[in-house]
Every structure is written in C-alpha cells, then in structure tokens.
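Shown next, in structure tokens, is the structure this report addresses.
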Amino acid sequence: MSVHPGRAAQRSRTVELGMPTVASDPHRHLRGTESFPAAAHKALADTQLRRNLGHATRTIRAKRAGVVSEVDDWEELRRAGEAIKADTMARLPELLVELESQVTARGGVVHWARDAEEANRIVVDLVRGTGADEVVKVKSMATQETGLNEALEGAGIAALETDLAELIVQLSHDRPSHFLVPAIHRNRAEIREIFLREMPDVDPSLTDEPRRLAMAARAHLRRKFLAAKVGISGVNFAVADTGTISVVESEGNGRMCLTLPETLITVMGVEKLVPTWADLEVFLQLLPRSSTGERMNPYTSTWTGVTPGDGPQAFHLVLLDNGRSNVLADRDGRQALHCIRCSACLNVCPVYERTGGHAYGSIYPGPIGAVLSPQLTGIDGPDDVNASLPYASSLCGACFDACPVRIDIPNLLVQQRAAAVDAHTRPTGQDVAMQAAAIAMTTPGRFKLAERALGVGRVLAGRKGRITSLPWPASGWTNARDLPAPPAETFRQWWARTHGGD
Amino acid sequence: MRIAVVATCLGDALFPRAPIATVELLERLGHEVVFPADQTCCGQMHVNTGYLDAALPIVRHHVEVFGRALDRGADAVVAPSGSCVGCVRHQHAMVARRAGDEGLARAAEHGAERTYELSELLVDVLGVTDVGAYYPHRVTYHPTCHSLRMLRVGDTPLQLLRAVRGLELVELPDADVCCGFGGTFAVKNAETSTAMLADKMASVLSSKAEVCTAGDSSCLMHIGGGLSRLRSGVRTVHLAEILASTDRGNASADLVFDTAEVGP
Ligand code: SF4
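Chains as they are written, first to last, in our numbering: chain A, 3 to 504; chain B, 22 to 285.
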C-alpha cells in the first residue's frame, strides 16, 4: 500500500520508483546503538536521572488525572478520537490528495517525501533558495526523526530550536527523551549550568529559579525571532477539507516562528491528518488534557496556505512518509499511526519512569515508541536493538488507559514481539525453550512428567526452603528474588488424592 | 453450580495452594467443582513473549479441554488468576484469527464468555461477598495489572476481603502501579523489573501489613520473592487462600515461603 496518490505521481518522477518499505534513518534518531536492557542498565544506576524523572512524571500524572476526571464524557471523546483516526487511516491516500489540493489552492506548495533523506533534501533546497543561513524552529518530532538539524548544518545552515526544553537539549548537545518535555531528564540546577555554559550573552548571576531561566531563554531567542527569514515547524493536525495546519503549544515561541519569518516550511508525518475542521473539536479537547494536563493549551496556531500581507508569504508543506505506508499496510499495526504524541503513555509507564527516554535509543520512547520505532525501521534479526524494544514493557496496560485515542499498545507490543520472533534468522535459546514448552503444554502426559522434574527444585532449595541462586538465564530472577521450593505435591496430585481419578 | 477449575500451570506445579483453596472455597459454598485433568496451560507465556505461532496449539488445547467441560454440564470455568483469564478473554481469539482459524476463534470466544477470575465468579456471578472466611491478619491488597486493566475486576476483591472476619485491610499506596513482574519481562529486563519491585515492596512495607495478597500467584511469586530476599517479615498469600481460611482451618499458617523454612 502506498499513500502516494496517483495525481502526485504524475508530477513527481521519484514516486514511480515505489515506496521504501522501512524508514530511512540517516542520523540514527530512530534506531539506538544498544539493546534496551543494556541501555536501561546505565539509566537505572543514574540516581539523578531517576529522581528527575520520578518527580516530573509523578507531577504530570497527577495533573492529567485531575483534568481528565472533570470531563464527564471523556470516554466518549476517546472513542470519537479513535474512530476519527481509524477513518483517516482507512482513506489516507484520498485525504492526502484533498489536503494537497486545498493547500495548493490557498497559495501553499506541497512536497512529497518518501523518506528522511528526501525530506531533508527538500527542506535544505528550499532554505538555500531563500538565501538564509539561519532558521528558527518550532518543536517538531518529524524533523527530529529525519535529523533535519544535522542536514541543515551540513549545508551550512544554523537551525535554532525555540521550544524551551528543546533548546536545552540542543544547547547541551543532548538527545530528547520525551515528546512534550524533551529535557524531562534534566532538573533546574542542570539547566542553569547548561545556560551558563552555552548561552554566550547570559547574565552570569543566573539562578535556577524557573522564571529566571525562562527569561534567560527569552532574551536569547528574541533577537533570533526578529532576524529570522525562515521558520520550520511540524504539525499537530492537518485538516484535509480546508487545508488548515495546526500547531499546539504552551510557550508562544512557536507562534513567533509561525508568523514572523517570510518563509514557513512545515514538515508533517502523513498520519497527522484529520478529515474535517470539525474533527479538531475532539482532538483539541483530548490533546492538552492528556499532554500537559491543562484544560486548554495557551497557544493554538492555525493557518491555511498564505494570507497576503499577513504572516509568511511563502508556505511549503512537506509530507513525510518514512516507513508509514509500511505501517499502514499492517491492519492491526496501523493503530500506532493514530498517535497524537501527547506523551500520556510515557508519563504513566512504570518502565519509562525508571529508565527514561534515552534507553529506548529512538526519539520515539516509551510504550508507543517501543512499538513505533521497530515498526518504522524494521527488525533485522535477533541481535538488532529494535528486537529488544517491544519487550521493554511489563504489559501492565497503564498506557492504554491513558491514551486519548485508545491505542491498544499492549496488543501492539505483543504483535511486535511476534515480529521480533519472526525475524529470528537462527533458532535462539529462547526459541528452543518455547518450542519444548509448547510440546509439553499440548501433551498432558508430558506436562505431568515436566511437573515431576520440578522435584529437582526441592533439592536446590534444600533446608532453606527457598532458592536463592540459579544459573543464567534464571539468574535474572534470583539476582534479586528468591524462589520458593516446589511443593511436595502438585495440584494434580492433590486432586487425585482427595477427589480420585486421574 | 458446576464449576470447572483451571489450576493454571503455575498453580498446578509451583503454587498448588491457590487452586486447592479455590476448590475448597467453592465446595464449601455448596458448588460442585470439576478438574478437567487434560488441562495444561492457557498459553499466556508464549503469547506474551511473541510466540504466537507456537501458542496456537496450546490455545487450541485449552479451548478444547474446557469446551468439553462446558459441553458436559459445567456452568462456568474459574481460574485463580487474573492474567490467565485475561489471556483467555483477550488473546485466545486473537491468536486463532491471526492464524486464520475462525472456527477456533469463535470457540475461544464462546468459552471465554463463561470463564471467570475467582473474585468475578464469586461477586458478579454467584453474588456472594461474605464467603464465611476468617483470617486474623493485617492484610494489604495489590491489584494485579491484568485483573485491574484487562478484566476490570474493580473493587470486587476488596469487597470480598472486607467481609472476612478478623481481617484488618490496610491500603496499599500506589496500589495500581505494576509490581514489575510482567512474565518473561522479569528475566529479560531483570534490572528494570527489580527497580519496579523495589517501589512496590516499599509500598507494601509502608502499609505495615503482615500479608500482601493478590489474585495472581505469578505477581505474588515476584513480590514475595523480593520480600523473602529482604527477610522483610511480610509474606504473600493468594486471595483464594484467605477466602478459603476459616476458624476451623489453619488460618495463621504462612503459605508460601516460610513454612518450608521450618523444614525437616
Ligand atoms: S500512544 Fe496515545 S498516549 Fe501515547 S503519545 Fe500517542 S496518543 Fe499519547
């Protein structure tokens, strides 16, 4: 399945080459360098990180729970959000054509990008065409995904992140660890140090008071806003029937990037679409409450093409596929494309809370990232770090309950685990154990025999009555937990003794 | 009522007290319990580890064994495990459909409609909250994730516990947070699992309970294994065992780790 519609194909030669099946990841923003357990090992030992994350996620969880509980029809809203997204995915190609024609009719220019490289190339060429060597950016996951900042830098163009948390990440040469608060892993004291080190014009008496930090960032950014000729943004929602683009934010920096420059270039993953203007009503209620725990976010910007004499006079919309067509082709898996990046599932995830976002190796962390990252870039054999991501969950289901569009993330995790197993190019130890167990579990006689073999455990437990150490891989258990000695009598034996038969 | 019991593979082999207590409790309440002896496992471990193809014959076996029990006059199927019932109710049909076996999927759905977790069976189906139990201990209840979010048992276990004579129920802080077990997660991501366990144990200890109970032996094995390693003096006991305890029985026995400690 391809989201590239025929009409676009007639205009663009590259589309005829066909869609790549997985995302390209030129700057490794989607696939990490080590497996989740290895990365988590380091994160778990970082006591400052644990504290920062525990505090931040706990605060935002409580805020979200408060504002969600005051909406009587929250469940209906969730179902409406789910239905709109399911409908959108079912007719994505035609809706994208509609969006394109509406944007074009209102003076915008639409570009189709098959993958990250193509999107970056399009944007770099557009910026070059303006003669600018500096751009201001609105926080955007799509351009994080493609590594646009690196691509721009390679072309001699400086990209300035204007979202406060994103700016902190950029200044500290770090990677984002959360959708909404990319610097959630940092605390105030660390942010102060970063500003003192990296902002050339900062007041050296800066304290770690949140207001002072925000003012420092404001002063730093203000000059840039006024000078910038090109703004680059992502998209929260794109409305097919009007061609309207919407960006939702808290700080107002985005609003400046969207209105002050002469040229605005917007990069959107093709799934950011909603069919009609009225659909925004649902999502603009769901998103802020799920995301920042606010009833309404302070700034919702919407624009449609170009308005003469008001705002940017050149508007380019880059539609990014980068593996999404492939995800869309999977009937169950496509649910992952419903995600509106609210980050509620990250905040409620007990795994994310303890390991943080970097352990996932992708700019899409947390429960949805553990699904989406391998879906986008594929799983390449048992040693691929992507194969470890779907297992980075206890399947506790808190993510589903929090998700404003009811994505069944636990089921998607199981489906991606199946994809990881399918990708085994050689039988692993786990494969062998699982196959043997499957045989025992379908052959009652063998199952009984296997149960008796547990008697070995009684020997291991000895007089202590508990097993405190086992060889690998069971050592993963006994490193921190005892195991009880197996019972002298199984249930089956008890039943036979007390109820007869068998 | 005639009720077929799912011992669960873990319950059968490692923690037989939970299914034994289930049988004793239901018989005490006047029901007939049958044990389909061909049963093995619901397939949850395979499903949740991603072995959906290998899970198919296990699912088929479970559906057939309990389908036969229902055909032979059982009115309901019960398991003392939220996660096994969760697997039966929410995953069996998925595994069958994925393999293109619509017939099995329908049979699985049919069986799942009459399969209940113990507290669901007692409160929602049999309509009892006071099962006549006596358990003179300070107890805290950990709602396991699959009971809470897959089955939505809500406060039925608490209703049952509140009606137990002698039992002092104390609240568990952050009760709805996962204990970190998660099946193979506990081994594959042992360190993250342990970090989650540490917080759960801190909550249990702060409740000053002497017993932590839940509806799943698997999570109790995890929480209890941690508490045992710390020699914390708090034990884990399955909900079924508490509900099966009476003033005639040995209601103060420690059922999982410490009895064996007295040893030969
Ligand atoms: S998966 Fe759902 S909860 Fe998670 S970020 Fe996306 S929309 Fe939000």
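Think of the CB as a built atom: it goes at the ideal place given N, C-alpha and C, for glycine as much as any other residue.
Proximity below 7 Å, CB of A/A331 to CB of A/G383: Numbered from 1 along the first sequence, position 329 holds the residue referred to as residue 331 of chain A. Numbered from 1 along the first sequence, position 381 holds the residue referred to as residue 383 of chain A. No, the Cβ-Cβ distance between A/A331 and A/G383 is not below 7 Å.
Distance between B/M66 and B/D197 (C-alpha atoms, nearest Å): Indexing the second sequence from 1 puts residue 197 of chain B at position 176. Indexing the second sequence from 1 puts residue 66 of chain B at position 45. So the two alpha carbons sit approximately 22 Å from each other.
Test: B/L73 CB closer than 7 Å to a CB of chain A: The residue you call residue 73 of chain B lines up with position 52 of the second sequence. So, interface residue.
CB contact below 7 Å: A/W474 versus chain B: In the first sequence, counting from the first residue as 1, residue 474 of chain A sits at position 472. No, A/W474 does not count as interfacial toward chain B.
Nearest to A/V423 (by Cα), restricted to the options A/C401, A/D385, A/V70 and A/G399: Indexing the first sequence from 1 puts residue 423 of chain A at position 421. That would be A/D385, whose Cα lies nearest to the Cα of A/V423.
B/R23 vs B/G94 beta-carbon contact at 7 Å: For the purposes of this step, residue 23 of chain B is identified with residue 2 of the second sequence, where counting begins at 1. For the purposes of this step, residue 94 of chain B is identified with residue 73 of the second sequence, where counting begins at 1. It is a contact, given that the beta carbons lie within the stated cut-off.
Sub-7 Å separation of B/T165 and B/G236 beta-carbons: Along the second sequence, one-based indexing puts residue 165 of chain B at 144. Along the second sequence, one-based indexing puts residue 236 of chain B at 215. In this structure, B/G236 lies closer than 7 Å to B/T165 by Cβ.
Touch test, the region 263-278 of chain A against the region 123-130 of chain A, Cβ-Cβ under 8 Å, three pairs minimum: yes
For A/Q172 and A/R13, the rounded distance between their alpha carbons: Residue numbering aside, residue 13 of chain A sits at position 11 when the first sequence is read from its first letter. Residue numbering aside, residue 172 of chain A sits at position 170 when the first sequence is read from its first letter. Confidence in A/R13 is poor, its pLDDT being 40 and thus under 50, which makes the residue's placement too unreliable to answer from.
Three-way DSSP call (helix, strand, coil) for B/D122 in this model: Reading the second sequence from its first residue, position 101 is the one you call residue 122 of chain B. Correct three-state label for B/D122: coil.
Close-in-space but distant-in-sequence residues of the same chain around A/K226 (CB under 7 Å, 5 per side omitted): Walking along the first sequence from the start, residue 226 of chain A turns up at place 224. The residues are V138 and L162.
For B/L190 and B/Y162, believed in contact at Cβ under 8 Å, the rounded distance: Sequence index remark: in the second sequence, residue 162 of chain B carries index 141 (1-based). Sequence index remark: in the second sequence, residue 190 of chain B carries index 169 (1-based). Going by Cβ atoms, the distance from B/Y162 to B/L190 rounds to 7 Å, so yes, they are a contact pair.
Option in B/R159, B/V109 and B/L35 with minimal Cα separation from B/T136: Walking along the second sequence from the start, residue 136 of chain B turns up at place 115. Checked all of B/R159, B/V109 and B/L35; the closest Cα to B/T136 is B/V109.
Spatial distance of A/A10 from A/L94 (CA atoms): The sequence position of residue 10 of chain A within the first sequence is 8, counting from 1. The sequence position of residue 94 of chain A within the first sequence is 92, counting from 1. The pLDDT assigned to A/A10 is 39, lower than 50, so where the model puts this residue is not dependable; a value taken from the coordinates is nonetheless given after this. Their backbone Cα atoms lie some 14 Å apart in a straight line.
Bridge partner(s) assigned by DSSP for A/E251: As a first step, residue 251 of chain A must be located in the first sequence, where it is residue number 249. Looking at the DSSP assignment, A/E251 forms a beta bridge with A/Y301.
Contact list for B/R93 against chain A, beta-carbon separation under 9 Å: Translated into positions along the second sequence, residue 93 of chain B becomes position 72. Simply none; closest approach about 14 Å.
Residues near B/L226 by beta carbon distance below 7 Å, same chain, minus five either side: Working through the second sequence from its first residue, we reach residue 226 of chain B at position 205. Taken in chain order, the residues that qualify are S253 and V255.
Neighbour flag for A/H57 against chain B, beta carbons, 7 Å: On the first sequence, position 55 is the one that residue 57 of chain A refers to. With 7 Å as the cut-off, A/H57 does not count as an interface residue toward chain B.
Reduced DSSP secondary structure (H/G/I, E/B, other) of A/S375: Taking the first sequence and counting its residues from 1, one reaches residue 375 of chain A at position 373. Helix, per DSSP.
Contact set between the region 185-212 of chain B and chain A, restricted to residues whose Cβ is under 9 Å from the partner: D197, V198, C199, C200, G201, F202, G203, G204, T205, F206, A207, V208, K209, N210, A211 and E212
Beta strand (DSSP E) runs wholly inside the region 197-265 of chain A, at least 3 long, in chain order: 232-235, 239-241 and 246-251
DSSP three-state assignment for A/A361, whether helix, strand or coil: Here residue 361 of chain A refers to the residue found at position 359 of the first sequence. Helix.
Within 7 Å, strictly: CB atoms of A/A242 and A/E100: Locating residue 242 of chain A in the first sequence gives position 240, counting from the first residue. Locating residue 100 of chain A in the first sequence gives position 98, counting from the first residue. Cβ atoms of A/A242 and A/E100: closer than 7 Å.
Proximity of A/N388 and A/R33 at Cβ, strictly below 7 Å: Position 386 of the first sequence, counted from the start, is the residue given in the question as residue 388 of chain A. Position 31 of the first sequence, counted from the start, is the residue given in the question as residue 33 of chain A. In contact: A/N388 and A/R33 (Cβ atoms closer than 7 Å).
Spatial neighbours of A/S142 in its chain, beta-carbon cut-off 7 Å, leaving aside the 5 residues before and after: Counting from 1 along the first sequence, the entry for residue 142 of chain A is found at position 140. S235, G236 and V269.
Beta carbon of A/H187 nearer than 7 Å to that of A/S179: The sequence position of residue 187 of chain A within the first sequence is 185, counting from 1. The sequence position of residue 179 of chain A within the first sequence is 177, counting from 1. Yes, Cβ-Cβ distance for A/H187 and A/S179 is below 7 Å.
N- and C-terminal bounds of the beta strand (DSSP E) containing A/L322: Counting from 1 along the first sequence, the entry for residue 322 of chain A is found at position 320. Start and end: A316 to L322.
Proximal residues of chain A, C-beta to C-beta of B/H82 below 8 Å: Within the second sequence, numbered from 1, the residue matching residue 82 of chain B stands at position 61. The contacting residues are M443 and T444.
Short CB-CB distance (under 7 Å) between B/D33 and chain A: On the second sequence, residue 33 of chain B is found 12 positions in, with the first residue counted as 1. Yes, because at least one Cβ of chain A sits closer than 7 Å to the Cβ of B/D33.
Chain-ordered chain A contacts of B/T136 [CB-CB under 9 Å]: In the second sequence, the residue the question calls residue 136 of chain B occupies position 115. Those do not exist, as B/T136 stays about 18 Å from chain A at its closest Cβ, beyond 9 Å.
Reduced DSSP secondary structure (H/G/I, E/B, other) of A/W114: Working through the first sequence from its first residue, we reach residue 114 of chain A at position 112. Three-state result, A/W114: strand.
Where A/P95 sits in the DSSP three-state scheme: Locating residue 95 of chain A in the first sequence gives position 93, where the first residue counts as 1. In the structure shown, A/P95 sits in a helix (DSSP, three-state: H, G or I).
Spatial neighbours of A/L397 in its chain, beta-carbon cut-off 8 Å, leaving aside the 5 residues before and after: Within the first sequence, residue 397 of chain A is the residue found at index 395, counting from 1. So the qualifying residues of the chain are P412, L415 and V416.
A/A338 versus A/L275 - alpha carbon distance: Here the question's residue 338 of chain A lines up with position 336 in the first sequence. Here the question's residue 275 of chain A lines up with position 273 in the first sequence. When rounded, the distance between both Cα atoms is 14 Å.
Spatially closest choice to B/K209 from A/S477, A/Q495 and A/P488, by CA coordinates: As a first step, residue 209 of chain B must be located in the second sequence, where it is residue number 188. Per the Cα distances, A/S477.
Test item: CB-CB of B/H167 and B/G103 under 7 Å: Mapped onto the second sequence, residue 167 of chain B falls at position 146. Mapped onto the second sequence, residue 103 of chain B falls at position 82. Cβ distance < 7 Å, so B/H167 and B/G103 count as in contact.
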